[in-house]
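Report on the following structure.
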Amino acid sequence: MACFENFRDNLPNSTDFPLSSADDWSPWHITVQSALDRCDLVGYIDGSIVQPSDRDPTYITWRTRDRRVRSYLINSVDRSIRADLTGFTSSAALWTHLCDRFVEKSGSREYQLLIETQTATQGDLSAQTLYGRMRANFRELRALEPGPMATPAEREAFRDRRELYQYLMALRPEFSALAGQLIHRDPLPRLVSAVAEVVAEETRLRTIALRRSTPSSTYEGVLAATPTSLPGSSRKNTVCAHCKKPGHPIADCWKLHPEKRFGPKGRGQRRTTAPFTSAAVATEAPSSYTDHLGVSERVSIS
């Protein structure tokens with residue numbers, strides 16, 4: 007082929023911009039593959055052009071072209087990365103290393119591209135500018151699709167992944183934390199497994215909402231009816247179930263009932279409620295039964 011004969015002239019020395027981070031990978035690897043494809047040299051990085059034996063007559067040609075491709079790859083990355091790439095003896099091994107290093111296997115980049123594409127609006131942009139921005143996303147998304155040599159299992163995994171992303175994007179905002187955890191997992195969970203986790207999270211959130219909607223007084227009376235707050239026990243042995251401090255039940259806790267705090271700047275005696283009997287749990291004592299200042303008396307409710 008003509009490009010094989012003149013590949014030194016057709017293949018540039020490097021890409022227009024160097025690869026420096028995972029954010030650069032999608033446009034960078036598209037540029038690299040396009041340049042190599044024009045010269046029929048993609049097989050040197052994907053392994054389809056196998057290295058011949060050193061006794062094979064074509065070995066010299068293969069080695070010369072492989073070295074040129076390897077030089078092109080090294081010159082196309084940031085200078086801070088080049089020192090780590092000098093030990094590779096083939097373009098395919100070098101390319102595999104770059105893929106392992108910079109490709110986000112978690113799928114977060116693909117998920118971000120899908121969201122940007124789905125939520126894109128023109129706003130004040132011209133129609134041509136909007137197309138230019140969206141076209142960049144289209145190219146990246148196409149690059150993530152299975153190639154012509156992909157197996158049926160790889161194609162099915164791709165469809166399952168895209169359906170998972172679309173499902174997560176449709177969830178309500180309260181599931182955003184779980185959605186973030188799912189797309190950052192490696193390997194990515196299957197759609198059915200992710201749905202099971204979302205259902206479990208939905209049940210948990212529903213339970214929390216139910217607890218918050220239940221009046222606190224329902225629990226307050228039950229918690230107040232602890233053995234230390236029943237008649238016959240001293241207040242000094244009583245421990246508040248809310249603030250965990252001794253000397254008062256939860257019904258007299260200043261943090262829950264600031265209206266019971268009195269005296270100079272609130273540093274006075276505690277207005278206590280009448281103690282409960284076992285038959286009067288979660289009910290209030292008649293207002294005529296009150297403790298005297300500074301005295302914790304046991305009041306018998308008949």
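Numbering of the sequence shown is given in my numbering, commencing with residue 7 and proceeding in unit increments.
Glycine is no exception: its CB is placed at the ideal position from the N, C-alpha and C atoms.
The structure presented is a predicted model; accordingly, all values stated were derived computationally and were not measured.
Residue interval of the alpha helix (DSSP H) (run including residue i)
| i | result |
| --- | --- |
| residue 37 | 31 to 44 |
| residue 189 | 182 to 189 |
| residue 259 | That residue, residue 259, is in no alpha helix (DSSP H); it is neither H nor E in DSSP. |
| residue 103 | 97 to 108 |
| residue 199 | 197 to 219 |
| residue 166 | 158 to 175 |
| residue 124 | 114 to 125 |
| residue 146 | 133 to 149 |
| residue 52 | 49 to 52 |
Contact set for residue i: own chain, Cβ-Cβ below 7 Å, skip 5 residues either direction
| i | result |
| --- | --- |
| residue 207 | 181, 184 |
| residue 164 | 151, 152 |
| residue 53 | 98 |
| residue 86 | none |
| residue 57 | 68, 96 |
| residue 217 | none |
| residue 143 | 119, 122, 123 |
| residue 65 | 58, 59 |
| residue 226 | Unreliable placement is indicated for residue 226, whose pLDDT of 49 sits below 50; no coordinate value is reported for it. |
Neighbourhood of residue i by C-beta distance below 8 Å, restricted to the same chain and skipping five residues each side
| i | result |
| --- | --- |
| residue 22 | 37 |
| residue 134 | none |
| residue 196 | 166, 170 |
| residue 75 | 17, 42, 47, 50, 51, 97 |
| residue 263 | 257 |
Beta-carbon proximity check, residue i vs residue j, cutoff 8 Å
| i | j | result |
| --- | --- | --- |
| residue 152 | residue 160 | yes |
| residue 108 | residue 200 | no |
| residue 140 | residue 126 | yes |
| residue 115 | residue 32 | yes |
| residue 17 | residue 47 | yes |
| residue 120 | residue 171 | yes |
Beta-carbon separation (whole angstroms), residue i vs residue j, contact threshold 8 Å
| i | j | result |
| --- | --- | --- |
| residue 82 | residue 42 | At roughly 11 Å, the Cβ-Cβ gap does not stay under 8 Å, so residue 82 and residue 42 are not in contact. |
| residue 177 | residue 204 | 7 Å |
| residue 136 | residue 124 | Actually they do not touch by this definition, with Cβ atoms about 14 Å apart. |
| residue 51 | residue 113 | That belief does not hold up - the Cβ atoms of residue 51 and residue 113 are roughly 23 Å apart, past 8 Å. |
| residue 211 | residue 167 | At roughly 26 Å, the Cβ-Cβ gap does not stay under 8 Å, so residue 211 and residue 167 are not in contact. |
For residue i: DSSP bridge partner residues
| i | result |
| --- | --- |
| residue 25 | 83 |
| residue 252 | 245 |
Neighbourhood of residue i by C-beta distance below 6 Å, restricted to the same chain and skipping five residues each side
| i | result |
| --- | --- |
| residue 245 | 252 |
| residue 34 | 25 |
| residue 94 | 100 |
| residue 249 | 259, 261 |
| residue 84 | 24, 26 |
| residue 73 | none |
| residue 55 | 49 |
| residue 238 | Low confidence applies here, because residue 238 scores a pLDDT of 46, under 50, leaving its location unreliable; read the following figure in that light. Cβ within range, chain order: n/a, list empty. |
| residue 19 | 81 |
| residue 174 | 185 |
| residue 117 | 171, 189 |
| residue 77 | none |
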